[in-house]
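Step one of this worksheet: look at the structure below.
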Amino acid sequence: MIDWNRMWQEARRRKTWQRKTSEDWNKRAAGFARRHKNSVYVKEFLNRLPLSAGMSVLDMGCGPGTLTIPLAPKVREITAVDFSPGMLEILTAKAAEGNLNNITTRQGAWEDDWQALGLGRYDLIIASRSLAVDDLKGALDKLRRAARGWVFIGDRVGSGPFDPAMFAAIGRPFHPGPDYIYTINILYQMGIHARLDFIDLPPAHSYKTREEAISSWAWMFHDLTATENDKLNRHLSERLTKNNHGHWCLRDEVCPSWALISWRQTTHQHD
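Per the working numbering, the sequence shown starts with residue 471, numbered consecutively.
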């Protein structure tokens, strides 16, 4: 039998991009929150959740509350977990601003002991674009054990948020690493027949300033040299155009999409 978890680990070792540390995400927290607040992905993800007012929810890898904040008024309680204190600070500030008192935050990671974090069982678990882990099977098993209802995962398709053309422009090779197909196959080997859907995103990005556009793409690269930075600036300058509202727009060469993986955990599926 194919060991999909081992294949996932091998594919991750070949990938070009590096996993972001907690400090990396602290630096990106404010910009990330601003860019994703009203994204098509967020709206589509939320629209597909089977919500009810009495639900308890776990948002694993919650970031700055991109999904937590709009979900909070629709459910009984949410536990939001992230390993970046900077992200959790923004989430907490947003919750206070919106007078949302049903959100509990926990600083923690997939690899941590969830019981030690105070995590229990939940009616709905969401893990949106947060499964950048070495032991994918272990992470999925934690979701399974913590679920007493639905689990929804937002997972990468192909190159995901990365733009291969930008790697080519600065002269770096690009290996995207594993995507959703590994997740689906590991779940299958765990006895979970998950549903698979896709969220297609618009091909254009809009930015208020040229500088914002450049910084929003520079995050893809680790340790840019001065020469590489110049090449990236030239490449983006060639692709950026101004719209009628005075905003800078960049059109993707390939229309990006995300996989939406879901299943309903039943009592007999637990060990």
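In this text, a Cβ means the ideal position worked out from N, Cα and C, and glycines have one as well.
key: Cβ-based neighbour list, residue 711, same chain, cut-off 7 Å, excluding 5 preceding and 5 following   = Here residue 711 refers to the residue found at position 241 when the sequence shown is read from its first residue. Closer than 7 Å at the Cβ level, and outside the excluded window around residue 711, lie 719.
task = Indicate the three-state DSSP secondary structure (helix, strand or coil) for residue 723 in the structure shown.
result = Taking the first residue of the sequence shown as position 1, residue 723 is located at position 253. Here residue 723 sits in coil by DSSP.
request  = For my contact list, residue 594 and residue 527 are in at a C-beta cut-off of 8 Å; report their separation, rounded to the angstrom.
outcome  = Within the sequence shown, the letter at position 124 stands for residue 594. Within the sequence shown, the letter at position 57 stands for residue 527. About 5 Å; that satisfies the 8 Å criterion.
request  = Using alpha carbons as the reference points, say which of 729, 656 and 733 lies closest to residue 474.
outcome  = Translated into positions along the sequence shown, residue 474 becomes position 4. Nearest C-alpha to residue 474: 656.
task = Please name the residue in 573, 604 and 558 whose C-alpha comes closest to that of residue 534.
result = Reading the sequence shown from its first residue, position 64 is the one you call residue 534. It is 558.
query = What whole-angstrom Cβ distance do residue 624 and residue 649 have, given they're in contact under 8 Å?
reply = Position 154 of the sequence shown holds residue 624. Position 179 of the sequence shown holds residue 649. Residue 624 to residue 649, Cβ: 12 Å. No contact.
query = Looking at residue 647 and residue 482, is the spacing between their C-beta atoms short of 9 Å?
reply = Looking up residue 482 in the sequence shown gives position 12. Looking up residue 647 in the sequence shown gives position 177. Yes, the Cβ-Cβ distance between residue 482 and residue 647 is below 9 Å.
key: Span separating the alpha-carbon of residue 731 from that of residue 540   = By one-based count along the sequence shown, residue 731 stands at place 261. By one-based count along the sequence shown, residue 540 stands at place 70. Whole-angstrom Cα-Cα distance: 20 Å.
ask   = First and last residue of the beta strand (DSSP E) that includes residue 547?
value = Here residue 547 refers to the residue found at position 77 when the sequence shown is read from its first residue. Per DSSP, residue 547 belongs to the beta strand (DSSP E) from 547-552.
query = Three or more C-beta pairs closer than 8 Å, one from the stretch 671-685 and one from the stretch 608-616: is that the case here?
reply = no
query = Where in the stretch 638-676 do unbroken runs of the beta strand (DSSP E), each at least 3 residues long, occur, reported from the N-terminal end onward?
reply = 665-670
request  = Please report how far the alpha carbon of residue 575 lies from the alpha carbon of residue 562, in whole angstroms.
outcome  = Along the sequence shown, read from residue 1 onward, the residue named residue 575 stands at position 105. Along the sequence shown, read from residue 1 onward, the residue named residue 562 stands at position 92. Using only the alpha carbons, I get a separation of about 8 Å.
key: Contacting residues, own chain, Cβ-Cβ under 7 Å from residue 654 (five flanking each side not counted)   = Start at 1 with the first residue of the sequence shown, and residue 654 comes out as number 184. Contacts found: 664, 666 and 731.
request  = Provide the residue span of the beta strand (DSSP E) that contains residue 528, from first to last.
outcome  = For the purposes of this step, residue 528 is taken as residue 58 along the sequence shown, with counting starting at 1. Where residue 528 is concerned, the enclosing beta strand (DSSP E) stretches over 526-530.
Contact check, residue 669 vs residue 733, beta carbons under 9 Å = If you number the sequence shown from 1, residue 669 lands on position 199. If you number the sequence shown from 1, residue 733 lands on position 263. Cβ distance not < 9 Å, so residue 669 and residue 733 don't count as in contact.
ask   = How long is the line joining the alpha carbons of residue 548 and residue 697, rounded to whole angstroms?
value = Numbered from 1 along the sequence shown, position 78 holds the residue referred to as residue 548. Numbered from 1 along the sequence shown, position 227 holds the residue referred to as residue 697. The alpha-carbon atoms of residue 548 and residue 697 are separated by roughly 46 Å.
query = Taking the Cβ atom as the reference point for each residue, do residue 591 and residue 572 lie within a distance shorter than 9 Å?
reply = Within the sequence shown, numbered from 1, the residue matching residue 591 stands at position 121. Within the sequence shown, numbered from 1, the residue matching residue 572 stands at position 102. Not closer than 9 Å, so no.
key: Alpha-carbon to alpha-carbon, residue 522 and residue 693   = Within the sequence shown, numbered from 1, the residue matching residue 693 stands at position 223. Within the sequence shown, numbered from 1, the residue matching residue 522 stands at position 52. If I take the Cα positions, the gap works out to 45 Å.
ask   = With C-beta atoms as the reference, is residue 700 less than 9 Å away from residue 598?
value = Within the sequence shown, residue 700 is the residue found at index 230, counting from 1. Within the sequence shown, residue 598 is the residue found at index 128, counting from 1. Result no, Cβ atoms of residue 700 and residue 598 do not sit closer than 9 Å.
Residue nearest to residue 627 in terms of C-alpha spacing, selected from 651, 536 and 634 = For the purposes of this step, residue 627 is identified with residue 157 of the sequence shown, where counting begins at 1. The option with the nearest alpha carbon to residue 627 is 651.
Among 485, 471 and 480, nearest to residue 690 - alpha-carbon criterion = Locating residue 690 in the sequence shown gives position 220, counting from the first residue. Among 485, 471 and 480, the Cα nearest to that of residue 690 belongs to 485.
request  = Taking all protein chains shown into account, decide if residue 538 is buried (16 or more other Cβ within 10 angstroms of its Cβ) or exposed.
outcome  = One-based indexing of the sequence shown puts residue 538 at position 68. Its Cβ being crowded by 16 or more others within 10 Å, residue 538 is buried.
query = Excluding the five sequence neighbours on either side, which residues of its own chain have a C-beta within less than 6 Å of the C-beta of residue 514, listed in chain order?
reply = Within the sequence shown, numbered from 1, the residue matching residue 514 stands at position 44. Only 669 meet the Cβ criterion.
key: Secondary structure of residue 623, DSSP reduced to three states   = The residue labelled residue 623 in the question sits at position 153 within the sequence shown. Correct three-state label for residue 623: strand.
inquiry  = From the DSSP secondary-structure annotation, give me the bridge partner or partners of residue 734.
reply    = Stepping through the sequence shown from its first residue, residue 734 is reached at position 264. Bridge partners of residue 734: 620.
request  = Would you identify the three-state DSSP class for residue 495, choosing helix, strand or coil?
outcome  = The residue given as residue 495 occupies position 25 in the sequence shown. In this prediction, residue 495 has a pLDDT of 47, which is less than 50 and means its spatial position is unreliable; what the coordinates show is noted afterwards. Note: residue 495 maps to helix in three-state DSSP.
ask   = Nearest to residue 455 by alpha carbon, out of 736, 589 and 695?
value = The question about residue 455 has no answer here: the residues shown for the chain are numbered 471 through 741.
query = For residue 635, which beta-bridge partners are listed by DSSP?
reply = On the sequence shown, position 165 is the one that residue 635 refers to. DSSP, once it has assigned bridges, lists no residue as partnering residue 635.
query = Across which residues does DSSP place residue 594 in a beta bridge pair?
reply = On the sequence shown, residue 594 is found 124 positions in, with the first residue counted as 1. Its beta-bridge partners are 527 and 620.
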